[in-house]
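When you line the sequence shown up against the working numbering, it's residues 685 to 815, in that order. Beneath this line is the structure, given in structure tokens, with notes to follow.
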Amino acid sequence: MGHLLGSIGTTLLDEKDVTIQLVSDKPLLLKMLFAGRLDVVMGHHPDIPMAIERLGLDDVYYDPIITVYRTPVHIVCHKFKEVDDLLDKINFRIREVRANGMAQKILSKYAEIVPLSEDSSIFKALENPPM
């Protein structure tokens, strides 16, 4: 099984029964699968189906229903003077592309757009756009 180096998904598996090959990037994982060097790839959604399409790999089976775990995307950064302003702008833009349908247009083919709760920080960011 191929998996992205640094990802934790394979820690959920019993490695006695599975040989895990850690690889540095998603396109390389898929190229190894396509070349027969891997039998299975565990990857993140929607990154894997987008890479499959970008690489033109039509001879691979992908099942979007099999879900090991769900997690939001996180932004990790160093603390710096303007970090709060930057994160406010990012959160506002995320909310904006969700509200105007752009996220649905771009990702609906690959991912389920999950509704935001009204108490989320992203929802609050829309009410108070960054300057």
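Positions of the beta carbon are idealized from the N, C-alpha and C atoms, including for glycine. Being a predicted model, the structure only gives us computed values, none of them experimental.
The region 715-729 touching the region 773-784, judged by at least three CB pairs closer than 8 Å: Too few Cβ pairs lie closer than 8 Å, so no.
Does the distance between the C-beta of V781 and the nearest non-hydrogen atom of the ligand COA fall short of 7 Å? No copy of the ligand COA appears in this structure; indeed no ligand is present at all.
What are the residues that DSSP puts in a beta bridge with V760? Its beta-bridge partners do not exist; DSSP assigns none.
Helix, strand or coil for M786? Go by DSSP, reduced to three states. Helix.
Who does V707 pair with in a DSSP beta bridge? According to DSSP, V707 bridges with L688.
Per DSSP, which residues does M726 bridge with? Please list them. H687
What is the C-beta distance between I759 and L741, in whole angstroms, given that I count them as a contact (C-beta under 8 Å)? Contact flag wrong, Cβ pair sits at about 29 Å.
Using the Cα positions of R738 and I692, report the straight-line distance between them to the nearest angstrom. 25 Å
For the alpha helix (DSSP H) that L739 lies in, which residues bound it at each end? D731 to L739
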